[in-house]
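Participant:
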Amino acid sequence: MIAAAKRERRVLWAGGILCGIMLFAASNLQQLGLVHTTAGKAGFITTLYIVIVPAMGLFFKRRAPFSVWLGAALAVVGLYMLTVRENMTVNSGDLLVLISSFCFAAHIMLISYFSPRCDGVKLSCIQFFIAGTLGFIPMLVLEHPTPQAILAGWLPLLYAGVMSCGVAYTLQIIAQRYVKETLASLLMSLESVFSVLTGWILLNEKLTAPELVGCALIFAAVLLAQLPPRAKRISLKK
1 MIAAAKRERR VLWAGGILCG IMLFAASNLQ QLGLVHTTAG KAGFITTLYI
51 VIVPAMGLFF KRRAPFSVWL GAALAVVGLY MLTVRENMTV NSGDLLVLIS
101 SFCFAAHIML ISYFSPRCDG VKLSCIQFFI AGTLGFIPML VLEHPTPQAI
151 LAGWLPLLYA GVMSCGVAYT LQIIAQRYVK ETLASLLMSL ESVFSVLTGW
201 ILLNEKLTAP ELVGCALIFA AVLLAQLPPR AKRISLKK
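Each step along the sequence shown adds one to the number in the working numbering, with nothing skipped, and position 102 is 102.
(1) Apply the 10 Å Cβ neighbour rule to G153 and answer buried if 16 or more other Cβ atoms are within range, or exposed otherwise.
(2) Report back the beta-carbon spacing between P241 and V76 to the nearest angstrom; my notes put them in contact at under 8 Å.
(3) So, do the segment 142-157 and the segment 32-45 have three or more beta carbon pairs nearer to each other than 8 Å?
(4) Given this structure, state the Cα-to-Cα distance separating G166 from C103, to the nearest angstrom.
(5) Classify C118 as helix, strand or coil using the three-state DSSP reduction.
(6) At the level of alpha carbons, what is the spacing between I52 and S100?
(7) Give the range of the alpha helix (DSSP H) segment to which M188 is assigned.
(8) Can you tell me which of the three DSSP states L96 falls into?
(9) I need the straight-line Cα distance from W200 to F194, nearest angstrom please.
(10) Are there 16 or more other CB atoms within 10 angstroms of the CB of Q31, so buried, or fewer, so exposed?
(11) On the CB-based measure, 16 or more other CB atoms within 10 Å of its CB, does M188 come out buried or exposed?
(12) Beta-carbon within less than 7 Å of A39's beta-carbon, same chain only, minus the 5 sequence neighbours each way: which residues are those?
(13) Using C-beta distances below 7 Å, list every residue in its chain close to Y80, excluding the 5 sequence neighbours before and after it, in chain order.
(14) Put P145 into one of helix, strand or coil per three-state DSSP.
(15) What does a CB cutoff of less than 6 Å around S115 pick up in its chain, not counting 5 residues either side in sequence?
(16) Measure the alpha-carbon distance for I130 versus K180 and round it to whole angstroms.
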């Protein structure tokens, strides 16, 4: 019993450390890339993890059904129509965001592996501790935060820390105990849809025809990816 508890503790800390490192790398590479590219392009490139995740799964002999690949392809087209407003030229910012997309994909894969093997809330706490510690060091070296600046931005800092990070990433860890990483990546791509819809509802932003088509394609992709494999559908009919 003691040996099992020690093994579970080792798995918990290994998962928390690896997830924290990958979350730190993904978030910071994305933010560095945003300095040199547009938000629309960054959103589209980041969410390419919907294709990267099932591709990574092939290296671990985890094949995704055809419906997931088709859904991923539909989602990529939908994301392009939803987020990209200019020609797809590539610069250093785009490359940094693309690398961050691979890191986000690896983060999803790590959570898929560790979340069924340990306590999700504890895993989340260790992940944030590692990511926060890694981010604290370059903050002191490269930036010059002041108490006045922190107090001036307390509301967005509180929201980003509690809701965007604390609540969202913890729910992701808990949910991925029951959802495969390929479907999880597609579900998380809906953030682009909800950001556009929220802007339409709360900020009176107008939706263009390509944006509406993009939303519809992503919703369709998520529904398609949740269909059971063909063999299962045949057995259900019987």
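Cβ atoms here follow ideal geometry from the backbone N, Cα and C, with glycine treated the same way.
Facilitator: Working from what's here:
(1) Around the CB of G153, fewer than 16 other CB atoms lie within 10 Å, so the residue is classed as exposed.
(2) In this structure the chain extends from 1 to 238, so residue 241 is not present and cannot be described.
(3) By the Cβ test, the segment 142-157 is not in contact with the segment 32-45, since fewer than three Cβ pairs between them sit closer than 8 Å.
(4) Straight-line measurement puts the Cα of C103 at about 19 Å from the Cα of G166.
(5) Correct three-state label for C118: coil.
(6) So the alpha carbons of these two residues sit roughly 11 Å apart.
(7) Per DSSP, M188 belongs to the alpha helix (DSSP H) from E181 to M188.
(8) L96 falls in the helix class under three-state DSSP.
(9) Roughly 10 Å between the two C-alpha positions.
(10) With fewer than 16 other Cβ atoms from the protein chains shown falling within 10 Å of its own Cβ, Q31 counts as exposed.
(11) With a threshold of 16 other beta carbon atoms within 10 Å, M188 meets it and is buried.
(12) Only residues of its own chain outside the window of five on either side were considered, and among them none has a CB closer than 7 Å to the CB of A39.
(13) Result list for Y80: F44, in chain order.
(14) In the three-state DSSP reduction, P145 falls in the coil class, being neither helix nor strand.
(15) Only I173, Q176 and R177 meet the Cβ criterion.
(16) Looking at the backbone, the Cα of I130 and that of K180 are separated by about 25 Å.
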